[in-house]
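In the numbering used here, the protein residues as written are 14 to 152.
Data first, discussion second: the structure below is written as structure tokens.
Take a look at the structure:
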């Protein structure tokens, strides 16, 4: 929203956080989320509900907590085709990480699944899960 952009450009905490993040490994992965999910910042349009740290739907990364059938690179599983059955049962919207050159079949199978679900109007595995998310509930 326009109010959020104005906040980012004028709020001292937002500006200091941006300056600090310039010297971090991956600022794009935390800057926006930090502004959006810290209720004490009163960010316009920010997430105001009480968060449940056990529910994370944005992105799934296997940091070694589950078996990786692909390959581990810098501590992260680069998913392979044998990882697909477990990925299909997850609720996250994005799975990180795939390397097309490492296992093109895994990437192509997911691409085809997403295409089929969107074009053929196939149902999600469990749409109820998403409907119960606090940020999707009407205020």
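Built from N, CA and C at the ideal position, the CB exists for glycine as well.
Query: Pairwise C-alpha distance: residue 92 and residue 112; Result: 8 Å
Query: DSSP bridge partner residues for residue 145 (one or two, in chain order); Result: Paired residue(s): none; residue 145 is not in a bridge.
Query: One or two residues paired with residue 44 in a DSSP bridge; Result: Beta-bridge pairing links residue 44 to no other residue.
Query: Cβ neighbours of residue 99 in the same chain (closer than 8 Å, five flanking residues each side left out); Result: 79
Query: Residue of 51, 115 and 38 minimising C-alpha distance to residue 27; Result: 51
Query: Identified DSSP bridge partners for residue 87; Result: Paired residue(s): none; residue 87 is not in a bridge.
Query: Nearest-angstrom Cβ-Cβ length linking residue 70 and residue 106, presumed shorter than 8 Å; Result: 6 Å
Query: Between the CA atoms of residue 146 and residue 119 - distance to the nearest angstrom; Result: 29 Å
Query: Cα-Cα separation between residue 130 and residue 124, rounded to whole angstroms; Result: 10 Å
Query: For residue 63, the nearest candidate out of 76, 135 and 49 (CA to CA); Result: 49
Query: Length at least 4, wholly inside the segment 93 to 136: the alpha helix (DSSP H) runs in chain order; Result: 97 to 101 and 117 to 132
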